[in-house]
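Protein sequences, first through last, are from chains A and B. Per the numbering used here, the first sequence starts with residue 1, numbered consecutively. Per the numbering used here, the second sequence starts with residue 116, numbered consecutively. Below: one structure, written as structure tokens.
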Amino acid sequence: MADVKAAAKAKGPKLPVILIANDLLDGDVVFFGAQGWTRDPRAAKVAFDAETAAFMEAEGRAGFVANIVVDPYLVPVEIDAAGFPVASHYREAMRQKGPSIHPDMGKQADYPLGA
Amino acid sequence: MYRYDEFDERFVRERVAQFRHQVERRLDGSLSDDEFKPLRLKNGLYLQLHAYMLRVAIPYGTLNARQLRQLAHIATRFDKGYAHFTTRQNLQYNWPKLKDVPEILDLLADVEMHCIQTSGNCIRNVTSDQFAGVAKDEVEDPRPTGELIRQWSSLHPEFAWLPRKFKIAVTGAEHDRAAIKVHDIGLRVLRHAETGEVGYEVIVGGGLGRTPMIGKVIRDFLPKGELLAYLEAVMRVYNAEGRRDNKYKARVKILVHETGPEEFIRRVEAEYAQLNGPTINAPEDEVERIAAYFAPPPYEALPEDSAILDAARRADPALDRFVEQNGFAHKQPGYVALTVSLKPIGGVPGDMSDAQMLAFADIAERWSFDELRVTHSQNLVLPHVRQDDVPAVFAALQAAGLATANAGLVTDIIACPGLDYCALATARSIPIAQGIARTFADEARQREIGPLPIKISGCINACGHHHVGAIGILGLEKAGVENYQITVGGDATENAALGERLGPGIDAEDVPGAIEAIVDVYLKERQSGEVFIETVRRAGLEPFKAGFQAFIASDEGARTLAAEPAQ
Ligand code: HEM
Ligand code: SF4
């Protein structure tokens, strides 16, 4: 994670990106979407250019200062055939889905892809 | 079992009230994240990949039925119906919400439990032998020592902000089942060779993580009554001189290593000579008061062997197998301790459902004097079962899905949460354990292989003890893919040793095959009666390296090599 973050700071993460954080109150993973923070990974807003990415990063900081989220950071994604932004790194992909050993828990259960 | 006195009760309740207030202030914004983080960590609350994680202390791994029922209740109400037992004999909830944590802490306090000092740079929960008070090779029950240390170290004002976390393990037995040589401090209760007096061997500077080390003996014999003052001297030297400049060099093992054991001992003894021992050491009546809580339960006078159990074992091969594998000789005639494996084939090592916890609480209450233990290999123990009752206990365990007869075998794998939960992970560990367990699922094959501790960590922090696994597996990242390094020859017992790497890292799908190749080398090389680790010690690493290399050079391994430049 430290590496992902450091890379993001040094040269900006590879586009396109989404913005991931944890909800302060519940602790679960949230994504920055068109209507603000959402729990649904399918509703994550995708930044294809540096300007949008910078805007989202600023929104992350604002959400942090406002005590809505903790630990916000940009995550590089690839858009799959169905249009879903899949995190390029397996760690972040795990956060989009939930534990691989419990398909019945986490995002994969609450927001099934293709549904 | 130890019962809270008024002081303990008040202290824990006050701490819950403080934390409730801290959470409120975090939520209304008067505490920043940076300010709140150390506070939540001091109360065992982490933020993980998918959610918060709450770590509950189980001092020296001992619980009663009421406590386990409460843990089950919390799992049902505030989590997803299960919890995870760890290598530090603690319990972790994977899905609590911050806003519920104060209420959870109150429920824990109702049954004399808490999460204090399960995280952060302080003296952590003291761990111990799961067969404390049971084992025949024991000089003395180590738990009164554990409890004494718990009381001394809880909120000790001088040691609340150490350079780094600090872990103490105690055993009272000859055979080390508490891994004391890989803890910051390891204590072994022993009898003085000449005088017969009871005291401690003190070992300092063991640890795993990115710089694994075996601890050094800094005192061959410490009289029992001097324990706390001597520990205080060790802690003072560490607190003053441990490196605060670099988190990766801040553990006491680095200090002992950098100063050298002789110089470290000199400094500790100099500090000890200056301390006013009597004001620090616990008064004898207090030591006795604590010890009385750990007095043996009211055993019945029984013959050594049980005709009922013998007959039942002859009639039921599954029962026979269970007792043979999971039974542990009890010092009280007519009794046995039973390891209850939390490693069913394909399950998650250390996980237990709320329903299983409730069933198990009933079993412990009815048949084991209301007592159960947590082991550092993520299993449970029924410490005092009448041999006559074993058939009934076995049936109840079977009904709860808790009768896997694999204690200590190749499928009894330690695995940290890894990338399925842990924010620090570089790779998954649980699915690797599941894959290996499925590969070796056949009972006859497991039995043929015999004792073989496999330990898996999902990053170099080594929470899964991989360095001291007879076979150790470390999950890393290599070029954006999970990659696993295999070591052989580690040992967590009194013969503590660190495993050595067999070769380059391999892909997840190749791990079970690689383990089979290593096991095949053992089966070929072993001499009569040798367990795996003994064969490694005698034959050396070379045959295992050769077997491993042959495996990765073979067809199944070709994929691995393609992705992995020769080294
Ligand atoms: C929640 C996630 C966890 C985090 C963030 C975490 C963090 C760490 C870190 C950073 C270290 C290395 C310490 C050092 O080298 O100075 C470590 C070591 C260790 N942890 Fe964990 N850990 C976690 C879960 C666990 C679990 C689940 C267990 C038990 C299964 C555990 C038991 C240990 C043990 C036994 C060690 C090695 C002994 C030592 O050197 O301290 N940890 N952990
Ligand atoms: S070893 Fe690493 S991955 Fe496993 S629990 Fe510890 S910190 Fe997490």
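Every residue gets a Cβ at the ideal spot worked out from N, C-alpha and C, and that includes glycine.
Inset, instruction - Along the beta strand (DSSP E) that carries S145 (chain B), what are the first and last residues, could you check? - result: In the second sequence, counting from the first residue as 1, residue 145 (chain B) sits at position 30. S145 (chain B) -> no beta strand (DSSP E), and no H or E assigned at all.
Legend entry - Those runs of the alpha helix (DSSP H) which lie wholly inside the stretch 361-445 of chain B and span at least 4 residues: 367-374, 376-389, 392-395, 399-408, 422-430 and 432-441
Inset, instruction - Would you check whether the ligand SF4 has a heavy atom nearer than 7 Å to the C-beta of N576 (chain B)? - result: Your numbering for residue 576 (chain B) matches position 461 in the second sequence. Yes, since a heavy atom of the ligand SF4 falls inside the 7 Å radius drawn around the Cβ of N576 (chain B).
Inset, instruction - Kindly say whether K446 (chain B), judged by its beta-carbon, lies nearer than 8 Å to any beta-carbon of chain A. - result: Residue 446 (chain B) sits at position 331 when you count from the first residue of the second sequence. No, K446 (chain B) does not count as interfacial toward chain A.
Legend entry - Limits of the alpha helix (DSSP H) - the one that E218 (chain B) falls within: By 1-based counting over the second sequence, the position of residue 218 (chain B) is 103. Start and end: V216 to D225.
Legend entry - When B:R203, B:V131, B:Y536 and B:T394 are compared against Y161 (chain B), the one with the closest alpha-carbon: Taking the first residue of the second sequence as position 1, residue 161 (chain B) is located at position 46. Per the Cα distances, B:Y536.
Legend entry - Contact under 8 Å by Cβ, I329 (chain B) with V317 (chain B): Here residue 329 (chain B) refers to the residue found at position 214 when the second sequence is read from its first residue. Here residue 317 (chain B) refers to the residue found at position 202 when the second sequence is read from its first residue. Result no, Cβ atoms of I329 (chain B) and V317 (chain B) do not sit closer than 8 Å.
Inset, instruction - Output, in chain order, the set of chain A residues within a Cβ distance shorter than 7 Å of P376 (chain B). - result: Position 261 of the second sequence, counting from 1, holds the residue named residue 376 (chain B). Simply none; closest approach about 33 Å.
Inset, instruction - Name, please, each residue of chain A whose Cβ falls closer than 9 Å to the Cβ of Y690 (chain B). - result: Residue 690 (chain B) is absent from the structure shown; chain B starts at 116 and stops at 682.
Inset, instruction - Using 10 angstroms around the beta-carbon of L183 (chain B), count the other beta-carbons present and answer buried if the total reaches 16, otherwise exposed. - result: Your numbering for residue 183 (chain B) matches position 68 in the second sequence. The residue in question, L183 (chain B), is buried, as its Cβ has 16 or more Cβ neighbours within 10 Å.
Legend entry - For A8 (chain A), the three-state DSSP class (helix, strand or coil): Translated into positions along the first sequence, residue 8 (chain A) becomes position 8. Annotation note: pLDDT 45 at A8 (chain A) (below 50); position unreliable, coordinate value reported separately. Three-state DSSP puts A8 (chain A) in a helix.
Legend entry - Close Cβ partners of A585 (chain B) (< 6 Å) along its chain, the five nearest in sequence each way excluded: Translated into the one-based positions of the second sequence, residue 585 (chain B) becomes position 470. The residues are L567, P568, F647 and I648.
Legend entry - Pick from A:S100, A:K14, A:P13 and A:L19 that is closest to V70 (chain A), judged by C-alpha positions: Looking up residue 70 (chain A) in the first sequence gives position 70. Of A:S100, A:K14, A:P13 and A:L19, the residue nearest in Cα terms is A:L19.
Legend entry - Per DSSP, the bridge partner or partners of M716 (chain B): Because chain B is modelled from 116 through 682, residue 716 (chain B) falls outside the range shown and cannot be assessed.
Legend entry - Any non-hydrogen atom of the ligand SF4 closer than 7 Å to S572 (chain B) Cβ: Counted from its first residue, the second sequence places residue 572 (chain B) at position 457. Within the cutoff, so yes.
Inset, instruction - Would you kindly check if the distance between the Cβ of A522 (chain B) and the Cβ of S456 (chain B) is under 8 Å? - result: By one-based count along the second sequence, residue 456 (chain B) stands at place 341. By one-based count along the second sequence, residue 522 (chain B) stands at place 407. In this structure, A522 (chain B) lies closer than 8 Å to S456 (chain B) by Cβ.
Inset, instruction - Return the bridge partner residues of D606 (chain B) from the DSSP annotation. - result: What you label residue 606 (chain B) is simply residue 491 of the second sequence in a count that begins at 1. D606 (chain B) pairs with B:A612.
Inset, instruction - Determine the extent of the alpha helix (DSSP H) in which Q207 (chain B) is found, giving its start and end residues. - result: Within the second sequence, numbered from 1, the residue matching residue 207 (chain B) stands at position 92. Segment L206 to Y208 is the beta strand (DSSP E) holding Q207 (chain B); no alpha helix (DSSP H) there.
Legend entry - D635 (chain B) - DSSP class collapsed to helix/strand/coil: Translated into the one-based positions of the second sequence, residue 635 (chain B) becomes position 520. Three-state DSSP puts D635 (chain B) in a helix.
Inset, instruction - Tell me whether A540 (chain B) counts as near the ligand SF4, meaning its Cβ is closer than 7 Å to at least one heavy atom of that ligand. - result: As a working note, residue 540 (chain B) is residue 425 in the second sequence. Yes, the beta carbon of A540 (chain B) sits closer than 7 Å to at least one heavy atom of the ligand SF4.
Legend entry - Any non-hydrogen atom of the ligand SF4 closer than 7 Å to S544 (chain B) Cβ: Within the second sequence, the letter at position 429 stands for residue 544 (chain B). S544 (chain B): yes, Cβ under 7 Å from the ligand SF4.
Inset, instruction - Could you name each continuous alpha helix (DSSP H) segment of 4 residues or more that falls completely within the stretch 510-597 of chain B, going from the start of the chain to the end? - result: 545-554 and 558-564
Legend entry - Residues near G261 (chain B) by beta carbon distance below 7 Å, same chain, minus five either side: Sequence index remark: in the second sequence, residue 261 (chain B) carries index 146 (1-based). Excluding residues within five positions, the ones whose Cβ falls inside 7 Å are P174, Y175, V241, S243 and V285.
Legend entry - Nearest neighbour of G12 (chain A), chosen from A:E57, A:D23, A:V46 and A:S100 [CA to CA]: Translated into the one-based positions of the first sequence, residue 12 (chain A) becomes position 12. The residue with the shortest Cα to Cα distance from G12 (chain A) is A:E57.
Inset, instruction - Report all residues from its chain with a CB closer than 8 Å to the CB of G248 (chain B); omit the five preceding and five following residues, and keep chain order. - result: Walking along the second sequence from the start, residue 248 (chain B) turns up at place 133. So the list reads D256, R258, F409, P411 and P498, once near-sequence residues are dropped.
Legend entry - Length of the line joining the Cα atoms of H445 (chain B) and L74 (chain A): Residue 445 (chain B) sits at position 330 when you count from the first residue of the second sequence. Residue 74 (chain A) sits at position 74 when you count from the first residue of the first sequence. Those two C-alpha atoms are separated by around 57 Å.
Legend entry - Exposed unless 16 or more other CB atoms sit within 10 angstroms - verdict on A47 (chain A): In the first sequence, residue 47 (chain A) corresponds to position 47, counting from 1. Under this definition A47 (chain A) is a buried residue.
Inset, instruction - Tell me where the alpha helix (DSSP H) around G662 (chain B) begins and ends. - result: Reading the second sequence from its first residue, position 547 is the one you call residue 662 (chain B). Counting along the chain, the alpha helix (DSSP H) containing G662 (chain B) begins and ends at E657 to A668.
Inset, instruction - Starting from A452 (chain B), follow the beta strand (DSSP E) in both directions and report where the run begins and ends. - result: Taking the second sequence and counting its residues from 1, the one referred to as residue 452 (chain B) is at position 337. It spans Y450 to V455 - the beta strand (DSSP E) in which A452 (chain B) sits, taken as one unbroken run.
Legend entry - For V304 (chain B), the residue or residues it bridges with in DSSP: Taking the second sequence and counting its residues from 1, one reaches residue 304 (chain B) at position 189. The partner list for V304 (chain B) (beta bridge, DSSP) reads B:Y315.
Inset, instruction - Could you check what DSSP says for A190 (chain B) in three-state terms: helix, strand or coil? - result: Numbered from 1 along the second sequence, position 75 holds the residue referred to as residue 190 (chain B). Reduced to three states, the DSSP call for A190 (chain B) is helix.
Legend entry - Beta carbon of V17 (chain A) nearer than 8 Å to that of P76 (chain A): On the first sequence, position 17 is the one that residue 17 (chain A) refers to. On the first sequence, position 76 is the one that residue 76 (chain A) refers to. Yes, they are a contact pair.
Legend entry - Beta bridge counterpart(s) of Y73 (chain A) as assigned by DSSP: Position 73 of the first sequence, counted from the first residue, corresponds to residue 73 (chain A). For Y73 (chain A), which the question treats as bridged, DSSP gives the partners A:I20.
Inset, instruction - Kindly identify the DSSP beta-bridge partner or partners of Y345 (chain B). - result: Residue numbering aside, residue 345 (chain B) sits at position 230 when the second sequence is read from its first letter. None; Y345 (chain B) has no bridge partner.
Legend entry - Rounded C-alpha distance that separates V349 (chain B) from A474 (chain B): Within the second sequence, the letter at position 234 stands for residue 349 (chain B). Within the second sequence, the letter at position 359 stands for residue 474 (chain B). The alpha-carbon atoms of V349 (chain B) and A474 (chain B) are separated by roughly 43 Å.
Legend entry - Under the three-state DSSP convention, the category G36 (chain A) falls into: Position 36 of the first sequence, counted from the first residue, corresponds to residue 36 (chain A). Reduced to three states, the DSSP call for G36 (chain A) is strand.
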